[in-house]
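Add 66 to a position in the sequence shown, counting from 1, and you land on the number used in this note's numbering. C-beta: ideal position from N, C-alpha, C; glycine also. Comments concern the structure below.
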Amino acid sequence: MANLMVLVLGLPKAQYDVIVIGAGAAGLTAAMYAASLKLKTLVLEGRNPSRLQLAPTINNYPGFPEGISGAELLRRFREQALKFGAEIRKGDVVAANLIGRVKTITTHEASFTAEAVIIATGIQHAKAGIPGEDRLLGVGVSYCVLCDGPLFRGRKVAVVGDELEAVRDALTMSSIASQTYLASPTGSFNVDPQRLKEVEDRGVKVLRGLRVQAIEGLTMVEGLTVVDPGGNKYKLEVEAVFIASPKVPLTKILAKSGLQTDDKGCIKVDSRMRTNIEGVYAAGDCTCGGFQVSVSVGEGAKAALAAFAYLKAIK
């Protein structure tokens, strides 16, 4: 009995009820819900900004019929989380021990403990490496047709890529833009030919073997400098370019702690956002559940409610 008492007394006491990793739409929503339920909540905000921060205008988030900038929406999420008592600290996670009742999350500056962890680290798009890509991101360069496509209704746009996602993006833009170009740098598409025919039937101009040398424009996209298979260089006049690059969930460090992910790195969750590790939840783009702000907000809320139920059950 004495030995048992020593073991019990020797257990580390968690500093927080919940640690949320990530300060985007999912993470801040989770923090707001958790804090509103009187859970001591810490948000760890990484060095890289949320993708939402870069969105010039969001037109499909409920409650804002005139649209709202991603930066302003994020500011409001943050303000609301703080209002309910969540604590937000800057720090990139460098290690995580998620096994056991008390979990430890380590940044460059310090280690923090909690009995529940919500992962909302988002994703990173693999860049195409085209000159002008970074400079014009958010003002004509985009990686998300569903997010930014409606901003270019009635205009000329290009989709760059040769995988299924590029074909899907071009198909979506065919009903929004006045003219959509689908540029395949390799010259061949890794898709069912029938899907490609469907795109062409919708009026999309498919440009095989077209290399994009640069994205042009001073303050916004004004066109692409391209080279065709014959070596001819010219300017393709478009007002937006959608780069269909792979989405890479930011989960590498966390996966080392036993977290289950699929072959693309997406965190596996159930309908309540629970991962394979007890007391650990995931929400937002890192689950690859839809890549929309509204979806991320919903998942963040579900994760916080599930964490609350878990903590209530173990205490």
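Whole runs of the beta strand (DSSP E) within the stretch 333-359, excluding any shorter than 3 residues: 346-348
Inter-residue Cα distance where the pair is Glu-305 and Arg-234: In the sequence shown, the residue the question calls residue 305 occupies position 239. In the sequence shown, the residue the question calls residue 234 occupies position 168. Their backbone Cα atoms lie some 19 angstroms apart in a straight line.
Length at least 4, wholly inside the stretch 229-309: the alpha helix (DSSP H) runs in chain order: 230-239, 259-267
Completely contained alpha helix (DSSP H) runs for the stretch 74-160, where each covers 4 or more residues: 91-102, 136-149
Length of the line joining the Cα atoms of Ala-121 and Lys-104: For this step, residue 121 is matched to residue 55 along the sequence shown. For this step, residue 104 is matched to residue 38 along the sequence shown. Those two C-alpha atoms are separated by around 32 angstroms.
Short Cβ contact (9 angstroms threshold) for Val-226 with Ala-192: As a first step, residue 226 must be located in the sequence shown, where it is residue number 160. As a first step, residue 192 must be located in the sequence shown, where it is residue number 126. Contact flag unset, no.
Whole-number beta carbon distance between Gly-136 and Leu-118, since they are thought to touch under 8 angstroms: By one-based count along the sequence shown, residue 118 stands at place 52. By one-based count along the sequence shown, residue 136 stands at place 70. Leu-118 to Gly-136, Cβ: 4 angstroms. Contact.
Chain-order list of residues whose beta-carbon lies under 6 angstroms from that of Glu-288 (same chain, five-residue window excluded): Taking the first residue of the sequence shown as 1, we reach residue 288 at position 222. For Glu-288, where only same-chain residues beyond five positions count, the Cβ hits under 6 angstroms are Glu-282.
Contacting residues, own chain, Cβ-Cβ under 7 angstroms from Tyr-376 (five flanking each side not counted): Taking the first residue of the sequence shown as 1, we reach residue 376 at position 310. Once the five neighbours on either side are set aside, the close Cβ partners of Tyr-376 are Ala-182, Gly-345.
DSSP state of Val-363 mapped onto helix, strand, coil: Reading the sequence shown from its first residue, position 297 is the one you call residue 363. Here Val-363 sits in helix by DSSP.
Sub-9 angstroms separation of Ala-388 and Ser-250 beta-carbons: Residue 388 lies beyond the range of the chain shown here (67 to 381); nothing can be said about it.
For Lys-222, the first and last residue of its enclosing beta strand (DSSP E): Reading the sequence shown from its first residue, position 156 is the one you call residue 222. Element bounds for Lys-222: 222-226.
Where the alpha helix (DSSP H) containing Ile-319 begins and where it ends: To locate residue 319, count along the sequence shown from 1; it is residue 253. Start and end: 318-321.
Host alpha helix (DSSP H) of Val-183 (start-end): Along the sequence shown, one-based indexing puts residue 183 at 117. Element bounds for Val-183: not the alpha helix (DSSP H) but the beta strand (DSSP E), 177-185.
Residue nearest to Gly-269 in terms of C-alpha spacing, selected from Leu-276, Gly-253, Lys-222, Glu-303: Within the sequence shown, numbered from 1, the residue matching residue 269 stands at position 203. Checked all of Leu-276, Gly-253, Lys-222, Glu-303; the closest Cα to Gly-269 is Lys-222.
Nearest neighbour of Ala-96, chosen from Asp-329, Glu-175, Thr-172, Ala-348 [CA to CA]: Mapped onto the sequence shown, residue 96 falls at position 30. For Ala-96, the nearest C-alpha among the options comes from Ala-348.
Residue burial classification, Leu-284 (beta-carbon count within 10 angstroms, cutoff 16): On the sequence shown, residue 284 is found 218 positions in, with the first residue counted as 1. By the neighbour-count rule (16 or more Cβ atoms within 10 Å), Leu-284 is not buried but exposed.
Helix, strand or coil at Leu-164 [DSSP, three-state]: Taking the sequence shown and counting its residues from 1, one reaches residue 164 at position 98. Leu-164: coil per DSSP, three-state reduction.
Status (buried if at least 16 other CB within 10 Å, exposed otherwise) for Val-335: As a position in the sequence shown, residue 335 is number 269, starting the count at 1. Buried is the call here.
Backbone CA spacing between Leu-371 and Tyr-99 [nearest angstrom]: The count along the sequence shown starts at 1 and reaches residue 371 at position 305. The count along the sequence shown starts at 1 and reaches residue 99 at position 33. So the two alpha carbons sit approximately 7 angstroms from each other.
Simplified DSSP assignment, three categories, for Ile-171: Locating residue 171 in the sequence shown gives position 105, counting from the first residue. Note: Ile-171 maps to strand in three-state DSSP.
Bridge partners - Leu-377, DSSP secondary structure assignment: On the sequence shown, residue 377 is found 311 positions in, with the first residue counted as 1. None, per the DSSP bridge assignment.
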